[in-house]
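**Q** Just so it is clear: in the sequence shown, position 172 is 172 by full-length UniProt numbering, and no numbers are missing.
Virtual Cβ for every residue (Gly too), placed ideally from N, Cα, C.
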Amino acid sequence: MKKQTDSQIYIQACLVFLVFISMTTASGYHDYCIIGAGPGGLQLGYYLQQQNRDYIIYERTNISGSFYSTYPRHRTLISINKRHTGKTNKEFNLRYDWNSLLSDDESLLFRHYSKDMFPHADVLVKYLEDYTEKLNINVQVLIIATGLWVPNIPDLTGIDYAEGYETMSINPDDYEGKNVLILDVEGIWEIQSSPRINHDYQSPDNPGMYLAGAATHSLDFRKSAGGFIHGYRYTARSLSRILDNRYHHALAINNCSTLHR
Numbered sequence: 001m002k003k004q005t006d007s008q009i010y011i012q013a014c015l016v017f018l019v020f021i022s023m024t025t026a027s028g029y030h031d032y033c034i035i036g037a038g039p040g041g042l043q044l045g046y047y048l049q050q051q052n053r054d055y056i057i058y059e060r061t062n063i064s065g066s067f068y069s070t071y072p073r074h075r076t077l078i079s080i081n082k083r084h085t086g087k088t089n090k091e092f093n094l095r096y097d098w099n100s101l102l103s104d105d106e107s108l109l110f111r112h113y114s115k116d117m118f119p120h121a122d123v124l125v126k127y128l129e130d131y132t133e134k135l136n137i138n139v140q141v142l143i144i145a146t147g148l149w150v151p152n153i154p155d156l157t158g159i160d161y162a163e164g165y166e167t168m169s170i171n172p173d174d175y176e177g178k179n180v181l182i183l184d185v186e187g188i189w190e191i192q193s194s195p196r197i198n199h200d201y202q203s204p205d206n207p208g209m210y211l212a213g214a215a216t217h218s219l220d221f222r223k224s225a226g227g228f229i230h231g232y233r234y235t236a237r238s239l240s241r242i243l244d245n246r247y248h249h250a251l252a253i254n255n256c257s258t259l260h261r
């Protein structure tokens with residue numbers, strides 16, 4: 001049997017999750033269902049809300065951006081927060097603000113949350129929570145009794161003696177005077193691990209299913225910053241415009257044409 005790729009597993013997991021949603025919620029029909037209230041999902045939700053679209057964001061925990069409650073393990077973000085650039089141009093300043101999501105609310109700029117160049121990850125969690133609440137982003141919490149997602153553990157002899165990033169100690173003293181072997185560093189960021197998507201952010205294997213956030217990084221891997229907040233906040237905006245044109249603007253044009261006949 002041919003081994004499934006990470007991309008196929010990712011898509012299948014999303015589809016299983018959607019089936020789970022349809023079986024366990026009674027909220028009825030929505031035009032757009034977004035899985036995950038991380039930065040990418042919230043950014044897309046903001047633009048769908050601005051366009052008055054019928055959408056909902058499903059989140060498996062009770063907070064937005066729950067990923068950052070655990071990761072990075074050392075609790076310091078590698079995304080910069082340069083508060084003073086000497087410029088007044090908002091777009092220019094965003095080039096040095098790698099954590100803010102896009103909105104019309106000036107209070108939701110990350111520089112108001114931390115003075116550190118490399119902020120603590122907990123501050124980002126607080127920021128994403130405020131972004132959700134202040135902008136009234138429609139997030140629904142699901143309670144799934146199957147436990148947390150498990151790490152991908154390779155089938156290797158002796159792997160039982162290895163410890164993954166998700167559980168390894170972050171205390172430097174635990175490694176003092178010891179030999180440490182790091183497995184598969186070169187393969188961590190391989191593009192094959194990203195889902196296959198078309199240039200309109202749509203899955204080629206599942207038409208009508210679109211991806212946002214870091215999952216779209218395969219389109220600009222090693223070319224741009226699409227794998228980070230300061231990159232995919234813009235690709236999420238682009239996706240919202242694609243959806244608006246494809247499913248709403250085109251319909252409006254057709255309706256106008258009908259009226260003028």
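Would you decide whether GLY45 is buried or exposed? Buried here means 16 or more other CB atoms lie within 10 Å of its CB.
**A** Its Cβ being crowded by 16 or more others within 10 Å, GLY45 is buried.
**Q** For PRO51, which residues from the same chain have a beta carbon less than 8 Å from its beta carbon, with the 5 sequence-adjacent residues on both sides left out?
**A** Here residue 51 turns out to be Gln, not Pro, going by the sequence shown. These residues qualify, in order along the chain: SER240, ASP244, HIS248.
**Q** Enumerate in chain order the residues of its own chain whose CB-to-CB distance from ALA236 is below 6 Å, with the five nearest sequence positions on each side excluded.
**A** Contacts found: GLY40, GLN43, LEU44, ALA212.
**Q** Any idea if ASP155 is buried or exposed, counting beta-carbon neighbours within 10 angstroms, 16 or more meaning buried?
**A** That one is exposed.
**Q** Give the C-beta separation of TYR55 and ILE35 to the nearest angstrom, bearing in mind that I take them to be a contact with Cβ-Cβ under 8 Å.
**A** Wrong, their Cβ atoms sit about 12 Å apart, outside the cutoff.
**Q** Could you check whether ARG73 and ILE170 sit closer than 8 Å to each other, using their CB atoms as the reference points?
**A** Yes, the Cβ-Cβ distance between ILE170 and ARG73 is below 8 Å.
**Q** Rounded to whole angstroms, what is the Cα-Cα separation between GLU163 and PHE67?
**A** Taking the straight line from one Cα to the other gives about 20 Å.
**Q** Would you kindly check if the distance between the Cβ of GLY86 and the Cβ of GLY65 is under 8 Å?
**A** Contact flag unset, no.
**Q** Based on Cα-Cα distance, which residue from GLN140, PHE118, HIS112, ALA215 lies nearest to ARG60?
**A** When each option's Cα is compared against that of ARG60, the closest is GLN140.
**Q** Which residue wins for smallest C-alpha separation from ASN99, given the options VAL123, THR88, ILE63, MET209?
**A** Ranking the options by Cα distance to ASN99, first place goes to VAL123.
**Q** Might you give, ordered along the chain, the residues of its own chain that have their beta carbon closer than 6 Å to the beta carbon of HIS199, omitting 5 neighbours on each side?
**A** Around HIS199: no qualifying Cβ.
**Q** Taking the Cβ atom as the reference point for each residue, do PRO195 and ALA215 lie within a distance shorter than 8 Å?
**A** Closer than 8 Å, so yes.
**Q** Have a look at LYS90 and GLY208 and give me their C-alpha separation to the nearest angstrom.
**A** If I take the Cα positions, the gap works out to 34 Å.
**Q** Using DSSP with H/G/I as helix, E/B as strand and the rest coil, what is TYR85?
**A** The displayed chain sequence assigns Thr, not Tyr, to residue 85. Three-state result, THR85: coil.
**Q** Classify PHE110 as buried or exposed, calling it buried when 16 or more other Cβ atoms lie within 10 Å of its own Cβ.
**A** Per the 10 Å Cβ criterion, buried.
**Q** SER203 to ASP220, Cα distance in whole Å?
**A** Between SER203 and ASP220, the C-alpha separation is close to 16 Å.
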